[in-house]
Each structure stands twice: as C-alpha cells, then as structure tokens.
Amino acid sequence: MQPGAGENLRRARGAPVRGRGHMGGAGKYIEMDRLDKVVNMEEGSRSIHKERAEMLGGAIDTAQADKAHARLKRMAAFDSHDYDPADNDLEEDARRARKRADYKAEEQWRWAMSVLIGVVMGFLAFTVDGLIKKFNGWKYGATTSSISPGGAGFGAWLVWVIISCLLASVAGGLVSYVEPLAAGSGIPELKTYLNGVHLRGLLRIKTLGAKLGGIAFSIGSGLIAGKEGPFVHGGGLVGGGLSAFGSHTLGFRTKKPSHFRNDADKRDFVAIGTAVGVAVAFGAPIGGMLFTVEEGASFHSTGMLWRGFLATCTGVLTTHWLDQLDFDAMDFAGAKFGVHRDFGLFTDDEANYSRVFWWYFWEVPIFAAIGCMGGLLGAAFVNINVKITMWRQRFIPVSDKYRRHAEVIFVCFVTATVLFIMMAASPCKPIPEAYRVAAATDGDGNGVSDELPGGVAKFEYGVETRRQIRDQYFRSLFCKADEYSSYGQLFFVPLADSLKLLLHLGEVYEQNGTDEFEQHLFTMDALIMYFVFMYALMTWTYGIGAPTGLFVPSLAVGAAGGQIVGRIVRAMVMSTGSEIVVDLHTYAVVGAAACLGGATRMTISITVLVMETTGSMQLIIPLMLTIFFAKAIGDKYSMGIYDTHIKIRGAPFLDEPEHAGVAVDKLKVAEVMADSLVTLRPVMRVRELVEVLTNTSHGAFPVTITDVGEGHNAGDPIELHGSITRNILLKMLTHRVSMFDPEEPREVLYENSEDRDALLEKLKQIPFKSPGVEMIASTLSRREMELSIDLTHFMQRHPFIVHADARLSRAYRLFRTMGLRHMYITPSKPQIIGVVTRKDLVEESAALTLGEKAADLSYEELTETERRASHDLPFLPYYTGNPGGVDGGAFSEHAAERVQHRSVGSSGDPFQKVPTSPSQVRDY
C-alpha cells in the first residue's frame, strides 16, 4: 500500500483525519469499524519497524491490532468513578466553615462505621453458615437413610440428585432472574470497582440478597464452590451500603449524619467490607485485611488499614459469639474461645499443632517443587477456564436466562452423579484399630475406654468419643458395619469437610507420628481420583450462573495433591530403611497453599490465611517458599484467575504503574490525548446544556469562555476556568439549581450555612443517583429551557493537568495514584507563578500561614485540647549541625508572638508577612 493510502481511504469514508474525540485518543479507534482499523494498522507499511526498540509494545501486526481494537471497543461501555475531592466554591465555603467538632464527629463516625460493618457481616456470616448446615443436614440425612448396605442404591441416588438439583435451581434462579452480577465469586467485580470502574448494580440490596442467599444454596447443592469469594462481595455491599446512610432502592437517606457521601469514602468502606468478608468466611481477621491490601484495594492508606483491622476483628468476634450462643448459651462464661480453627477438625487443646506440623531442611527443595506444580496447575486452570468461558459466552450468553439457569442445574446433576458413583463404587476398608470401639470389654475381657487418648475428651465445643469420631468420619455407607467407605470418606461429605479431613484427620491419635498410633493414610487411588475429579469440576464450575467461590475448591485440590506427594516422599524415605517420619499433614497444607497461590497469584495474604485457618504456624517458611514459586511459575504462563476475568470482561482496569506495560514509556501524552473537546461556558442557556448532554455521553466537560466553534482548530489551547462532571449537571437540572432569567434580578444561591449544606446534599450522587437527561428534559418546561444556568460555583476549580510533551507513563502514574476520572493537557510551556516544596506542605507551615490569616480576625481564646498539635513536640536533631535547628524553639516563640499580637514592621504595613517556609526561615 502506498504511504497515505490509508488516510485517503479514511477521508473517503468520512472519518475525521485531524482531531480526536472527547473519549480520548482511544476514541478514534473505538469509533472505527474493523476494516478502518486494519487499514490504520496495516502490517505491510509497519513491519519494517517491528524490531525497533521504540516500537516495543505496539500493536504492529494485524492480529495484535484486531485484539487491541476489540478490547478497546468493549471498554467504551464502562463509566468511571472520580476519587478527586470536590473543589468547587460551595465545597470550599463549607470546608472553611467546619469546626473542630465537625472533624472530630466525622472521625468518630469512621470508626463507628467500621465496627458496624464488622457486626453486620458477623450476623450475616452466621446466618449463611446456619443455612448451609441445614441444607447439608437435609441432603445427607435423606440420602443416608435411603442407603442400605449391599443394595443397588438407585433410590439413594435419586434422592441425592433431586435434592442437589433443587437447591442448585434456587441458586441459579437468583442469578438468572434476580441479579446477574451475583454470579461467580464477585472478587473480579469488586477489584474492578475498587480500581475506579463503575459497575451498575454491583452494590444494590438485591445483589446482596442474591449473592449471600445464593451461595448457601450453591454449597448446599454440592457444587464445587466455596463461600469465601461471595462473602468478599457481600462484605463490599455491606460496607458501601451502610456508609451511605441511606439507600436508593429503599428510598431514604438520613439528614444527620451525612458523612461519606462521595466516591472516595465509599470506596474505602467497600474495601473495609471486603476485608471483613474474608475474615468472617475464614475466621482469619489478619488474613482478611491483608487480602484487601494485596488483592482487593487499588488505593489504601494507613487510616483505612487501621479501621479495617478493627472491622475484621469485630466481625470474627461477632461470629464466635453467635456460634457459642447457638451451641450452648448457658455455658457462655466457661466456653473457651480462640481454640477453634475454621479448617480444623479438632480444637487446639486436642490437636497440639506444635506436635502435628513439622518439616526437615532437606524437604525445602520438595516444597519448592510443590510450589512449581501449583503454579503449573493454576496456569492450566486459568487457561482451560478461559476456553470454557469463551464457549459459554457463545452458547450460553448472560442475556439468555433460561440457558444459563439450565446450565447450573446440569452442572449440579453431573457433579452430584459423579460424587455418588465414586461413593457407591468405593472399596471397603477395615476401620483402623485406633478408631474401633468395644461396647464394654475387649477380647480378653478388659475394659476399653471410649474417650480420646490421653484423657482428652473435648471435641470443638463439646465432648467427643471414639465412637462419635468413627461414626462421623468413617461411615460404612454401602459397606459392612466394621468397614468404612474409603472413597465415601472424601466424596460423600461437603467440600469444606473433605478439606478438613485431608488436612487434619488422625492428628489426635498420632502423638507426634511415632508412638502408639500411626498417621491416617488415605488410599492412594482415593486421593488421585479426588484430585482429578475435583480439579476438573472446579475448572468447569467456575463461571457458571450461580454464586461460587474458588478458595475452598483450590485448597481441597491442593491438599489432595500435597497428600499424594507426601505419600511418595514417605515411601522413598521408608525404602532407605530410615526411621525419619514424614509428616503428611505438612504436605497437605503446603499443597493447599500452592494450588490456591497458583490460581490466584496472591502471596502474603494466602500465607497468613492458611496459617490462621489450619494452625500451622510452624510452616511459615515452607508456605512462603511454596507460594513464591507458585506465583513465579504461574505468571510465566498466565495471569491470575481474577485478573484474567477482569480482562475478559473488558473493563478499563489500571494496574500499578510498574505493570502498565512498556508502550506507555514510548509515547507522549499529546499522542494519545483527545484534542476535539466539547466545552461549556460558565453561563449558558439551559436548552444548550440539555443539547450537549443529550448528544454526548461524556462524563465531564471543561468550562471556558474561549469560543471553540468555527475557526478553532483541534489542539489549539483554550483558557480553562474549571471542570464540571455530568452528574453535577444532571443534579442541577433536576433540582433547578442556579437557573435564572437574565432579564430579572438573580436570587442568591443560599443565605446561611443550613441552606448551603442542604444544597450540597442535593448535588450528591450518594445514595440517590440522578436520572437520565431524557427523563429530566421531559420535566423541563419551555420557559425553563430558555433560562440561563450559572456553572461558576459548581465546577472543579483546580483539575489535575499534565504537560502535552510529558511521557504517557507520567500521566499514567498521576491518573492511577490520584484515582482520577479525567485529566487535562496543557501546552508544553505553561506559565508559572511559584513553587511548593515538601516543607511548604507540612502541618507546621500550614499552621503558621493560617495563624497569620487569623490575626486579621478577632482573637478567641483556645482550649488546651485545641492548642495541642504535633508541632508542640520538642525538637531533636538527627546530627550535629542539622539544618532544622534554628535556635531550637526561639523561632517558634518569636513567630507565635508576631502572629498573636500582630507586630507591625517599620513600614507600618499590618500585612507584613511572617516567615513560613523553611527558605524564608533561614533568611529571616
């Protein structure tokens, strides 16, 4: 193709050659059809530059361009949050009027809200756990009563499948017919939301009901799913809903308190809620908070970390309290807390974890190899699930409710049938000697104790005997009375219970694995088939139209894999004649962590979660090494499952700057910016504003007096007076704010602080969102359309800007760090009027400057509490000659005297400045 041919073709098709739309530089690609895009990215005219370093990261060939173009077009459907605090005239006036009591009240509400989120999630977790127990009790009880040893088992299978499919039908129906966003784990959606991308319906009340109600039915039906992911989504819903002090769905909002009704505060409370969700699901408060910091929140601060710390603690405490009240309210004072692990079979009193878990130095390479295998399994899981998701989107789209619902029932039918067949076809094994119980005497006439060894008889919160352990974990099912079903031990129990068995079964009898009792050995064929079937069903199930979590399935698959490796290592050690005892529990825990790390690519949070839930503090080093290798190997072949599904959905997710890709280092901002802007005037006709909002979908507009009509070329600079968002404009039109007749005297916006605060509440999007422009326009009369509207007091006065010739990576860092929705581009050589350094921004500098301004006002005596500040602390230099030591506190006293008593200089100027910045201090 001749140079310029592509441009001529685009010109012939009517596409603009110069100037890029308000969507950004991406807009020119979004608006192109596939043919135009391929012409623009013609491989023949660019292939000679493929190996040049400055082209690294570019969509050089047609295949790359096709994929990039398709993803970009999907991103156009998403809207963004704006975490930049409002900085208009009204907000500035309100901030200046705030008193110390107002700041104190807001901070107290932040802490109170954190506690409330924890308490509410604790109650919800207790309720969902109770439903799961009821459903499992019903299903397993009805099926077991239909089993007869030596029978055909068809009746039992029929009962098993009917109950399972009935429960799955409810779970699928809640997603298909109530809220589609309740499907899956919810972690990719919450992670996307916390990154700044708006997902409609994600935080509605009906989503909460469908998510937490649906997960109880999903787990009860036997789908290979866990509750942890849906609890993350549920926690985010609770955090975002409570912090709004109102509800759009329920149609109310409180007048007082009215804090946190902005995107940034709501984001922080949603993040805290996700931490509590993990904490109450796992019973792991520290791991829950670390999960949000590592995987969930794109923006986190020390304040959010501390409030989340309190919220997770409160949530877990609430669940423990409710569990004990439910078990035995009369013995509440004497009940031991903190001895029960979420993935433990026995209490810490029974299972002395310091004697259960151990490892040898020579096992370190084996743990690393387990981590590598976990990474490979995780990458395979992600890649296979992507293929399944593509097939599912083609034949079972989200828009087809009936097919999506039917798929959930079909997956449940297959899962239930596989599990039942494995149980029914299980070989029968003699019950281990350690678990056998004699009614009164043994064969020699000697009495046999029915208690646990060592006189320990406590099991969780009650009393457990050999007989009860046998009946619960060594069930006969289709076997004889003195035998147990070796496959049924793993396949005919809830998924979470099978995980507990793989991690802990037998530990109360092992006594360090060397004395009277041997470690419990699952049969190798049972472990292998459990690993294969659960891995396959987990991969197939993730992504169906029902609430499903991934944590427990991954841990269960990994625990089985760890047991298999442990058995192999144990056999190799025994073949050498060594008396070294290999701990199978250690391998199960390490394998579980490796599989979860390989699927999700989380590191620190998984390490802490596994330790908290299994009691394996002794395994911190093996866990860290294993998870490191799982992530390192997995990252070579795929992204984590959550990041992959974010990409699949096409959300404009902004990763951390160091992971933004190499292309952002090769371009300047001017090469991607939009230069054909849709602008608004500070004062304009309502009709003109409605036309702009109707004809565009832009989220924000620059405000200027520059005429951008005919004669103005795209890219020419304009005078920026401010920026105003679409939501504010819609709210102003809805409530007829700042609308006036130019020929009549204008009314004031507000007369007192109460009116101002009421006006600010009207303009907030939380909890009540503004209706669409079409609906608003239909309510405006012809006279109102001809009125003028003044945007001056409502526009963002100081939006973020960046130079046109700055590297794109610089703009990316600013955009990602500040959580912006849009950013304006200035000419390469803008004018400046000053400079600010770090020392000009510290509290002391601000206090001196504000104190100087206060000298013009009437002096009011402050209380001791109000006087106390961080700059009251004494000065301690780092070293001799520290430049900060200007006569110790002499300067501070002198400056304070000038601020309070307003010393007038020789010129008699009452506005003579007191030195504030460090440079001025040195010159003073």
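Residue numbers (full-length UniProt numbering): 1 to 924.
Note that beta-carbon positions come from the ideal geometry of N, C-alpha and C, so glycine has one too.
- About 7 Å separates the CB atoms of Thr826 and Ala804; that is less than 8 Å, so the two are in contact.
- The way I'd put it, the segment 166-181 doesn't touch the segment 235-243; fewer than three beta-carbon pairs between them come closer than 8 Å.
- In the DSSP annotation of this structure, the continuous segment of the beta strand (DSSP E) that includes Tyr824 starts and ends at 824-826.
- Inclusion of Leu527 and Ala560 in the CB contact set at 7 Å is warranted, their separation being smaller than that value.
- Judged by DSSP secondary structure, Lys429 falls within the beta strand (DSSP E) whose first and last residues are 428-430.
- In the DSSP secondary-structure assignment, Arg685 is bridged to Ser788.
- Secondary structure at Val238: helix, using DSSP grouped into helix, strand and coil.
- Annotation note: the segment 273-359 contains the following uninterrupted alpha helix (DSSP H) runs of length 4 or greater, listed N- to C-terminal: 285-291, 302-328, 353-356.
- Membership of Ala674 in any alpha helix (DSSP H) is not indicated, and neither H nor E is assigned to it by DSSP.
- Note that the segment 586-602 touches the segment 631-647; at least 3 beta-carbon pairs, one per stretch, sit closer than 8 Å.
- Nearest neighbour of Lys134 by Cα position, chosen from Ile219, Met304, Thr792, turns out to be Ile219.
- In this structure Asp323 is buried. Its beta-carbon is surrounded by 16 or more other beta-carbon atoms within 10 angstroms.
- For Ala700, the enclosing beta strand (DSSP E) covers residues 700-703.
- With fewer than 16 other CB atoms across the displayed protein chains lying within 10 angstroms of its CB, Arg783 is exposed.
- A straight line joining the alpha-carbon of Val589 with that of Val573 spans about 20 Å.
- Scanning Leu203, Gly214, Thr389, Arg74 for the CA closest to the CA of Ile766 turns up Leu203.
- With respect to the C-alpha of Gly640, the residue from Val119, Leu521, Ala329, Leu596 having the closest C-alpha is Leu596.
- About 6 Å separates the beta carbons of Gln563 and Phe522, which is inside the 8 Å limit, making them a contact pair.
- If you look at Ser616, you'll find it isn't in any beta strand (DSSP E); DSSP assigns it neither H nor E.
- For Arg253 and Phe260, the gap between their C-alpha atoms comes out near 12 Å.
- Residue burial annotation: Ile132 is buried, with at least 16 other C-beta atoms found within 10 angstroms of its C-beta.
- Sixteen is the threshold: when 16 or more other Cβ atoms of the shown chains lie within 10 Å of the Cβ of Trp157, as they do, the residue is buried.
- Its Cα nearest to that of Ala854, the residue Arg96 stands out among Ala65, Ala68, Arg96.
- Using a Cβ distance threshold of 7 Å, Val565 and Tyr542 do not count as a contacting pair.
- Taking a C-beta distance under 7 Å as the contact criterion, Thr292 and Gly122 do not qualify as a contact pair.
- Looking at the DSSP output, Gly201 shares a beta bridge with no other residue.
- Secondary structure note for Thr725: its beta strand (DSSP E) is the uninterrupted segment 722-725.
- Between the alpha carbons of Phe410 and Gly277 lies a distance of about 29 Å.
- When the alpha-carbon of Gly722 is set against those of Gly709, Ser114, His798, the nearest one is in His798.
- Asp79 is bridged by DSSP to His198.
- DSSP assignment within the UniProt domain "CBS" (795-857) yields the following whole alpha helix (DSSP H) runs of 4 residues or more, N-terminal first: 808-818, 838-841, 843-854.
- Boundaries of the alpha helix (DSSP H) around Glu407: 401-424.
- Take the alpha-carbon of Glu228 and the one of Lys762: they are about 38 Å apart.
- Of Ser498, Phe269, Val669, the smallest CA-CA separation from Gly118 is found for Phe269.
- Rounded to whole angstroms, Pro494 and Leu223 show a C-alpha spacing of 10 Å.
- Listed in chain order, the non-local C-beta contacts of Thr694 below 6 Å within the same chain comprise Val773, local neighbours out to five positions each way being set aside.
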